[in-house]
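Presented below is the structure to which this report refers.
There are 2 protein chains.
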Amino acid sequence: MNASDIAKIAGVSRSTVSRVINNYGNVTEETRQRVLEIIKEYNYVPHASAQMLAGKKSRIIGLFIIDTKDDNHGNKMCTSSYFSPFTSAVIDAANKQRYNVLSTIVNEQQDFNNVRELFYNKTISAGIFIGGKNSEPSIIEIIESGYNVAVIEQEVSNEQEPFSRSIVVNSDSFGGAYEATKYLIQLGHIAIAHITGDLEQFTAISRVEGYKKALAEGGIPLRNNMIVKGNYTEESGYKAVKKLLLKETPTAIFIANDSMCLGAMRAIEELGLKIPEDISLVGFDDIELARYLQPALTTVRIPLLNMAFMATNNLIKANEEEINFYANYKIPVELIIRDSCRKMK
Amino acid sequence: MNASDIAKIAGVSRSTVSRVINNYGNVTEETRQRVLEIIKEYNYVPHASAQMLAGKKSRIIGLFIIDTKDDNHGNKMCTSSYFSPFTSAVIDAANKQRYNVLSTIVNEQQDFNNVRELFYNKTISAGIFIGGKNSEPSIIEIIESGYNVAVIEQEVSNEQEPFSRSIVVNSDSFGGAYEATKYLIQLGHIAIAHITGDLEQFTAISRVEGYKKALAEGGIPLRNNMIVKGNYTEESGYKAVKKLLLKETPTAIFIANDSMCLGAMRAIEELGLKIPEDISLVGFDDIELARYLQPALTTVRIPLLNMAFMATNNLIKANEEEINFYANYKIPVELIIRDSCRKMK
DNA sequence: CTGAAAGCGCTTACAG
DNA sequence: CTGAAAGCGCTTACAG
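Residue numbers (UniProt numbering), protein chains in the order written: chain R, 1 to 345; chain Y, 1 to 345.
What follows is the structure in structure tokens.
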């Protein structure tokens, strides 16, 4: 059953069938109705590939979750609560506009080949990248090839010309880190440590900066031993805390994401310390888990759903209007106060 | 840049280019190399739609997460930890075979139209369904139209002819529920309640049956008041426990999934009771959250990753061999004992 | 408002 | 081993 069959049955030409399907104006209402009925009766659906070949755009967007490291349990980060709500929000937003989303997980550098191919072979007409390190060359190449791309959490500096053709959606990592640290200071903490995220990622760098600014404002001297590197995985949080507490005795730690807090809590418990009595903790992300932890985790909420909507809707808009347009959003974050911090007397 | 351009540059015909790309035998090694080089040099990638139109199968499979209810917080269930690992496992398995996955979330009945369209317009060559109620008519229609489908957690009874052309992957809900309940009995519990899942789903029914069997074996009379209906959402777990504890005083509850346990724990806490001192709890699923709860939740682990691999690999195989084949797997589950149950003296 | 025809970029018998 | 040609199922100027 194809357009010719429908045309024959309806007693019109294939052109007319096509016009009805594409909802063009120049068809008599009567003809339109007749064709529509027959389409419905025979359950006809146009062949998507044929439509594309003949000039229609793909209504598929790609969602690429970049995750080049496992935690030591062999769990991919993508399994983690962080990406899941983002993914479903993208799907939701896309489906509402009759778009579909094809998602893949990029674990190794070579997985980018698959991603490239999806753009080049026209399977997808646009793509969203989340989770990568800053200025990932593979992403830049794709943008430079003229494809529509939205990136989440990528720094756009002046040298980064390519991003000036894409949609950038960032949360306010700097502001969030600043607020989180300031909150600890306001509670009376002075010995405030920081566990960083993966410093190849923009967010991790900004969070360090936010932390430093708050300390500076609070007149608290910055001490290098109080900053320990992590990489956003639970395991790295565990190790970082163990390392930190070997030499230092902070009363509070601002940790660059919630996953690392999980590891941190385990480490702290193993050391026989209590949260928040001995150590206060603030995380970042507000993953689903956060509110179920004991104590419930104080953390900075990233409005991932909004970010997904912004990225998806703008990307589809750019695609529909056949332009690469530039947009750069910085989405505000919110400190969610729960039970993992105590007030110093 | 298309196949003709490549052919021209390489000094061969388009047929030969095509043969090289498709890795057919009948090309001189020399010619093959030359063409390959030029393809690489010009970064040529064949147009997927053209390939499909000309007879190649789509290398995209659909993943359809059926979730026709929200919990009362407006969170879609798909956001929940349950589907996330399954999704990434499907993507992983597919990507390994150079397939891609397009996923959508089915919230309302009309979303099935989109799903149907993806099959009918040949965007996808096969699809996996998870989360639906039993014998969902829309799924059956698709199977009957001859498309390759894998279903997760669907009962296949004798009347269900359609499923005899599809791949069915179920976990052993009955066995898991039986083990869970038996475990409580072995701990000395007698007043064991059950909160059911959504009874339109196969899994929920089987779990009730497993619960009943264990009681029967243990010589514990079945009491209707001890079974309260839920629908797998956190909120329903909360309400069910409130309702249950109005009239009954169970010392243990077997709850049909972990999400409902979350609600149950909240309800129990509000009533001033302690887990496991006053009430023991066993869940089902072993979502990521389960081990972080306080107390860590004893629950039945479903090997979702295995199930995802089975479904995906079999589906791709069926697709490659251009057959609908039937397979019906029942995957064993495992009771994970943590801290939410106590031994009765 | 409608139809005939060209063209999208491939693959695959068919012939040699 | 290789090429010319038909065909996949649409859309879109073009002409009327």
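Cβ coordinates follow ideal geometry from the N, Cα and C atoms, glycine included.
Query	Result
Min CB distance Y:I50 to chain R below 8 Å	Here residue 50 of chain Y is Ala; the residue named in the question, Ile, does not match the sequence. With 8 Å as the cut-off, Y:A50 counts as an interface residue toward chain R.
Continuous beta strand (DSSP E) stretch holding Y:D285: start and end	280 to 285
Chain Y contact for R:I9 (CB, 8 Å cutoff)	no
Which of helix, strand or coil DSSP assigns to Y:F325	coil
Beta-carbon proximity check, residue 347 of chain Y vs Y:I124, cutoff 8 Å	For residue 347 of chain Y there is no data in the structure shown, the boundaries of chain Y being 1 and 345.
Outcome for Y:Q201 when other beta-carbon atoms lying within 10 angstroms are tallied against a minimum of 16	buried
When Y:K56, Y:S13, Y:V12 are compared against residue 346 of chain Y, the one with the closest alpha-carbon	Shown here, chain Y extends from 1 to 345; a query on residue 346 of chain Y therefore has no answer.
Limits of the alpha helix (DSSP H) - the one that Y:G176 falls within	173 to 186
Residues of its chain near R:S4, where Cβ-Cβ distance is below 6 Å and the 5 sequence neighbours each way are ignored	R14
Interface residues of the region 143 to 168 of chain Y facing chain R [CB-CB below 9 Å]	S145
Complete alpha helix (DSSP H) runs within the region 238 to 283 of chain Y (minimum length 4 residues, chain order)	258 to 270
Proximal residues, the region 273 to 307 of chain Y versus chain R, C-beta separation under 8 Å	E288, L289, Y292, L293, Q294
DSSP-derived helix/strand/coil call for Y:N100	strand
Contacts that R:P46 makes with chain Y (C-beta to C-beta distance below 8 Å)	N121
Cβ neighbours of Y:S206 in the same chain (closer than 6 Å, five flanking residues each side left out)	S173, F174
Same chain only: Cβ atoms within 6 Å of Y:N72, ignoring 5 sequence neighbours per side	For Y:N72, the predicted model reports a pLDDT of 46, less than 50, meaning its position is unreliable and no value from the coordinates is stated.
Proximity of R:D285 and R:I302 at Cβ, strictly below 8 Å	yes
Burial state of R:Y120, where buried means 16 or more other Cβ atoms lie within 10 Å	buried
Backbone secondary structure at Y:T31 - three-state DSSP	helix
Residues near Y:N100 in its chain [Cβ-Cβ closer than 6 Å; skip 5 each side]	I60
Contact with chain R by Y:T312, beta-carbon distance below 8 Å	no
Minimum Cβ-Cβ distance from R:C78 to chain Y less than 8 Å	In this prediction, R:C78 scores a pLDDT of 48, lower than 50, which makes its location untrustworthy; the coordinate-derived value is nonetheless stated afterwards. Cβ-Cβ to chain Y under 8 Å: yes for R:C78.
8 Å Cβ shell around R:A318 - same chain, five flanking residues per side excluded	A126, N148, I167, N324, F325
Y:E320 to Y:M310 span [Cα, whole Å]	15 Å
Y:G25 versus Y:T31 - alpha carbon distance	12 Å
Contacts around R:A214, its chain only, beta-carbon distance under 7 Å, and the 5 residues preceding and following it disregarded	Y178, T181, K182, I185
Rounded distance between the beta-carbons of R:V169 and R:Y329, thought under 8 Å	5 Å
Proximity test, Cβ basis, 8 Å: Y:D92 and chain R	yes
Any chain Y beta carbon closer than 8 Å to R:I21	no
Between the CA atoms of R:M307 and R:K96 - distance to the nearest angstrom	16 Å
Y:E141, enclosing alpha helix (DSSP H) - first and last residue	137 to 144
Listed by chain order, chain Y residues near R:V101 by CB distance under 9 Å	L102, S103, T104
Y:A126 - partner residues in DSSP beta bridges	Y:I61, Y:N148
Residue from R:I287, R:F163, R:E288, R:L293 with nearest C-alpha to R:I275	R:L293
8 Å Cβ cutoff, R:N134 in contact with chain Y	no
Inter-residue spacing [alpha-carbon to alpha-carbon] between Y:K345 and Y:I253	18 Å
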